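Beneath this line is the structure, given in structure tokens, with notes to follow.
Residue numbers (the working numbering): 13 to 346.
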């Protein structure tokens, strides 16, 4: 991925203000309305005043970061490892180095909520973000005509960061759906000085990739591509790792970011995926069949991926193209 393109890519905050992307990622069945447009225009005007301060917090407080001493909340080794596992599922923490990860894990505080309990309420001040450890939570937004369901949050997902980024009130409400939910809470100061810069840079990378991904060229609305960045995650593999086994059903569509992946059938290598944007795992998710091939890391490498649960709100609109591509890529080997 071209670093210069990433730096010159669309600004995360500017793009975010153009649509109704708020504390919750949008679900595929959310519809725009004139009321929503009016509301976003109002938010946009307010946030424009804050853009410099957001940028300054992320980049201009580097010296403060050097002297920053985060709060530390003792945890068991099992709790710390569980937090790290949950953090791996989200783009926001994926750019942190080991030292930064330890700081963030140390600063997180366990919070327990029960069924129908509000975790955050629309309109309230937002000073913390949350990472879901266990349980499920529903996100609703009131556009003036009652609550509209946006999405459900599952373990490993996080919410609440946009209020911290924009220093603005909560733009939606989160309510516990399951009997109980265990969340890890991160304070504003640790987020600002440790996580925010990495979060912004990583999202810009994803946005730039999605804007230029050939697979999405038939999607004309830039926002339809932009919202996919919330469903895009990252994994690293070591040389020789089996990423996906022949005969399995994949739970992700994998997208090549760095490195090479060999495509094998019955233990024989057929070809390699080597280009940014080449993808696999689509047989399971798009066609609903088991995988006909195994995919093995040829180098220490990095993959982006879209979870199966996010397929309907991201790539499903180009499903006919995906089906054709399965035949074109693999037809002669099936």
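Backbone N, C-alpha and C fix where the C-beta goes; we use that ideal spot for every residue, glycine too.
If you're wondering where the values come from, they're calculated on a predicted model, not measured in any experiment.
(1) Less than 8 Å between the beta carbons of residue 80 and residue 244, yes or no?
(2) Can you list, in chain order, the residues of its chain with a C-beta nearer than 6 Å to that of residue 349? Leave out the 5 residues immediately preceding and following it.
(3) Please report the distance separating the alpha-carbon of residue 226 from that of residue 171.
(4) When the Cα atoms are used, what is the spatial distance from residue 215 to residue 107?
(5) Enumerated in chain order, which unbroken segments of the beta strand (DSSP E) with a length of 3 residues or greater are wholly contained in the stretch 286-326?
(6) With 16 other CB atoms within 10 Å as the buried threshold, where does residue 301 fall?
(7) CA-CA distance, residue 152 and residue 127?
(8) DSSP three-state label for residue 331, please.
(9) Should residue 340 be labelled buried (16 or more other beta-carbon atoms within 10 Å of its own) or exposed?
(10) Looking only at its own chain, which residues have a Cβ that is under 7 Å from the Cβ of residue 254, when we skip the five neighbours before and after it?
(11) How would you write the range of the beta strand (DSSP E) that residue 163 sits in, first residue to last?
(12) Under 6 Å Cβ to Cβ from residue 211, same chain only, skipping five residues before and after it: list those, please.
(13) Near residue 145, what residues of its chain come up, given a Cβ to Cβ distance below 7 Å and the 5 sequence neighbours on each side ignored?
(14) Where does residue 50 land, buried or exposed, given buried means 16+ other C-beta within 10 angstroms?
(15) Is residue 261 helix, strand or coil when you go by DSSP?
(16) On the CB-based measure, 16 or more other CB atoms within 10 Å of its CB, does residue 335 come out buried or exposed?
(17) Looking at residue 181 and residue 137, is the spacing between their C-beta atoms short of 8 Å?
(18) Whose C-beta lies closer than 6 Å to the C-beta of residue 285 among residues of the same chain, with five residues either side of it excluded?
(19) From which residue to which residue does the alpha helix (DSSP H) around residue 212 run?
(20) Taking the straight line between their C-alpha atoms, what separation do you get for residue 262 and residue 338?
(21) Can you tell me which of 154, 155, 149 puts its alpha carbon nearest to the alpha carbon of residue 163?
(22) Using a Cβ-Cβ cut-off of 8 Å (strictly less than) and excluding sequence neighbours within five positions of residue 91, which residues of its own chain qualify?
(23) If you draw a straight line from the C-alpha of residue 188 to the C-alpha of residue 159, how long is it?
(24) Measuring alpha carbon to alpha carbon, tell me which residue in 190, 220, 178, 183 is nearest residue 200.
(25) For residue 312, collect the residues of the same chain with a Cβ closer than 6 Å to its Cβ; drop the 5 residues on either side in sequence, then sort them by chain order.
(26) Closest to residue 119 by CA distance: which of 147, 213, 85, 133 is it?
(27) State yes or no: is the C-beta of residue 207 within less than 8 Å of the C-beta of residue 116?
(28) Excluding the 5 residues flanking residue 344 on each side, which residues of the same chain have their C-beta closer than 6 Å to its C-beta?
(29) With 16 as the cutoff for other CB atoms within 10 Å, does residue 346 come out buried or exposed?
(30) Taking just the CA atoms, how far does residue 247 sit from residue 240?
(31) Is it true that the CB of residue 260 sits closer than 8 Å to the CB of residue 310?
(32) In three-state DSSP terms, what is residue 175?
Short version:
(1) No; because the gap between Cβ atoms is not below 8 Å, this pair is not in contact.
(2) Nothing about residue 349 can be reported from this structure: the residues present for the chain run from 13 to 346 only.
(3) In this structure, the straight-line span from the alpha carbon of residue 226 to that of residue 171 is close to 30 Å.
(4) The alpha-carbon separation between residue 215 and residue 107 amounts to approximately 10 Å.
(5) Runs of the beta strand (DSSP E) lying entirely within the stretch 286-326 and spanning at least 3 residues, in chain order: 306-309, 313-319.
(6) Residue 301 sits exposed, since fewer than 16 C-beta atoms from the chains shown fall within 10 Å of its C-beta.
(7) The C-alpha of residue 152 lies about 15 Å from the C-alpha of residue 127.
(8) In this structure, DSSP gives residue 331 a helical state, which the three-state scheme calls helix.
(9) Answer is exposed; the Cβ neighbour count stays below 16.
(10) Excluding its 5 nearest sequence neighbours in each direction, residue 254 has C-beta neighbours in its own chain below 7 Å: 306, 308, listed in chain order.
(11) Where residue 163 is concerned, the enclosing beta strand (DSSP E) stretches over 159-165.
(12) 104.
(13) Contacts found: 94, 98, 167, 194, 195, 196.
(14) At residue 50 the pLDDT is 37, less than 50, meaning the model places this residue with poor confidence; the figure from the coordinates comes in the next sentence. By the neighbour-count criterion, in which a residue is buried when 16 or more other Cβ atoms sit within 10 angstroms of its Cβ, residue 50 is exposed.
(15) Reduced to three states, the DSSP call for residue 261 is coil.
(16) Under this definition residue 335 is an exposed residue.
(17) At a Cβ-Cβ threshold of 8 Å, residue 137 and residue 181 count as neighbours.
(18) Result list for residue 285: 268, 273, in chain order.
(19) For residue 212, the enclosing alpha helix (DSSP H) begins and ends at 208-224.
(20) Roughly 15 Å between the two C-alpha positions.
(21) Residue 149 is the option with its Cα nearest to residue 163.
(22) Scanning its chain for C-beta atoms nearer than 8 Å, with the 5 sequence neighbours on each side dropped, one finds around residue 91 the residues 122, in chain order.
(23) Rounded to the nearest whole angstrom, the CA to CA distance from residue 188 to residue 159 is 15 Å.
(24) Ranking 190, 220, 178, 183 by Cα distance to residue 200 puts 178 first.
(25) For residue 312, where only same-chain residues beyond five positions count, the Cβ hits under 6 Å are 250, 251.
(26) Cα-wise, what sits closest to residue 119 is 85.
(27) Taking 8 Å as the Cβ cut-off, residue 207 and residue 116 qualify as a contacting pair.
(28) So no residue of the chain qualifies.
(29) Only exposed fits residue 346, as fewer than 16 other CB atoms lie within 10 angstroms of its CB.
(30) One Cα belongs to residue 240, the other to residue 247, and the distance between them is close to 17 Å.
(31) Going by C-beta atoms, residue 310 is not nearer than 8 Å to residue 260.
(32) DSSP places residue 175 in helix when its eight states are reduced to three.
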